[in-house]
Amino acid sequence: MLTTNTMSNLKILITKNVFEQNKISDLIDNINLLITLHQRKLETLKNMKNRLLNKMFANEKNQFPMIRFKEFTNAW
Numbered sequence: 002m003l004t005t006n007t008m009s010n011l012k013i014l015i016t017k018n019v020f021e022q023n024k025i026s027d028l029i030d031n032i033n034l035l036i037t038l039h040q041r042k043l044e045t046l047k048n049m050k051n052r053l054l055n056k057m058f059a060n061e062k063n064q065f066p067m068i069r070f071k072e073f074t075n076a077w
């Protein structure tokens with residue numbers, strides 16, 4: 002587990018090379034961007050799943066789901 006005590010005991014070496022620092026910074030920025038994009042994608046997919054599930058099942062208003070296999074024609 003990562004605790005404050007653990008963090009305070011860590012020795013972090015930092016390069017003096019500014020070019021390398023910039024490359025590391027760019028890498029971290031790219032990773033953060035990817036994380037953000039994947040989080041958005043996950044939310045979009047969750048919303049899509051919910052919308053499709055709502056259309057695949059009958060409800061109080063409709064005896065028939067909006068989406069169904071064409072072989073099934075009876076009410077639920």
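To convert, note that position 75 of the sequence shown is 76 in this note's numbering; the numbers rise steadily by one, no gaps.
We treat Cβ as the ideally placed atom computed from N, Cα and C, and that holds for glycine.
None of these values were measured; they are calculated from a predicted model.
Give a yes or no on whether the C-beta atoms belonging to residue i and residue j are separated by under 9 Å.
i          : j          : result
residue 57 : residue 49 : no
residue 16 : residue 29 : no
Can you name the start and end residues of the alpha helix (DSSP H) that residue i belongs to?
i         : result
residue 8 : 5-9
For residue i, name the three-state secondary structure that DSSP assigns.
i          : result
residue 57 : helix
Jot down the residue ranges of each uninterrupted beta strand (DSSP E) in the region 11-55, minimum 3 residues, whole runs only, in chain order.
-> As far as the region 11-55 is concerned, it has no whole beta strand (DSSP E) run of at least 3 residues.
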